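Take a look at the structure below.
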Amino acid sequence: MHIKEQIRGIDFLIKKIRANRNSLIPAKAKSGDIEMKRDIKHSFDIPPNPHKKFSIAVRDRLSFSPGAGPFDIEIVVVGLVFLKEEMKPSQIKALLKDRDNTNFLINQCLPHTSAAVAYLTDRMGFSPVILAPKFPLSREG
Numbered sequence: 040m041h042i043k044e045q046i047r048g049i050d051f052l053i054k055k056i057r058a059n060r061n062s063l064i065p066a067k068a069k070s071g072d073i074e075m076k077r078d079i080k081h082s083f084d085i086p087p088n089p090h091k092k093f094s095i096a097v098r099d100r101l102s103f104s105p106g107a108g109p110f111d112i113e114i115v116v117v118g119l120v121f122l123k124e125e126m127k128p129s130q131i132k133a134l135l136k137d138r139d140n141t142n143f144l145i146n147q148c149l150p151h152t153s154a155a156v157a158y159l160t161d162r163m164g165f166s167p168v169i170l171a172p173k174f175p176l177s178r179e180g
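The opening residue of the sequence shown carries number 40 in our numbering; numbering runs sequentially from there.
Structure below.
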């Protein structure tokens with residue numbers, strides 16, 4: 040079963056923003072030697088009793104390798120997932136074991152982190168960095 044069928048709505052909030060701009064870049068660094076890295080991690084908070092909601096936290100971090108690049112950004116978005124009907128924790132966990140369901144929920148959070156990254160990089164004086172969803176969604180009929 041796809042989780043989309045069970046969701047009534049999702050509320051998002053930005054829990055944390057951390058942005059550093061490095062004013063000094065090592066003299067040896069060349070633009071071709073530095074690579075931008077994107078690290079996305081997630082966790083679920085499922086209530087211990089049957090409930091109509093649970094939450095997902097997605098941490099989206101942009102950094103550079105090797106060493107320090109021009110900036111380092113970390114954003115944490117929390118999504119409160121409201122279900123159409125009350126579900127037991129075991130039912131929610133069974134839904135979330137399906138990779139497509141997990142990726143669907145993560146992809147619901149990523150536009151919010153991507154918008155924050157674009158805004159922050161623009162405010163730091165760089166061209167806005169526009170990020171695409173990390174996990175491809177399967178096409179439906």
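Virtual Cβ for every residue (Gly too), placed ideally from N, Cα, C. Since we're looking at a predicted model, the values are computed, not measured.
Rounded to the nearest whole angstrom, the CA to CA distance from Asp84 to Pro128 is 10 Å. Counting only runs that start and end inside the stretch 69-122, there is no alpha helix (DSSP H) element of at least 4 residues. CA-to-CA, the gap between Arg98 and Phe143 works out to about 15 Å. The continuous beta strand (DSSP E) containing Ala58 extends over residues 46-60. For Ser153, the uninterrupted alpha helix (DSSP H) segment begins and ends at 138-162. When only Cα atoms are considered, Lys123 and Ile46 end up about 6 Å apart. The straight-line gap separating the alpha-carbon atoms of Met40 and Asp50 is approximately 22 Å.
Of the candidates Arg57, Gly118, Lys43, Arg57 places its Cα closest to the Cα of Val156. Cβ atoms of His151 and Ile42 stay farther apart than 8 Å, at about 18 Å.
Scanning Pro87, Glu74, Leu101 for the CA closest to the CA of Thr160 turns up Leu101. As the crow flies, the alpha-carbon of His90 is around 13 Å from that of Lys132.
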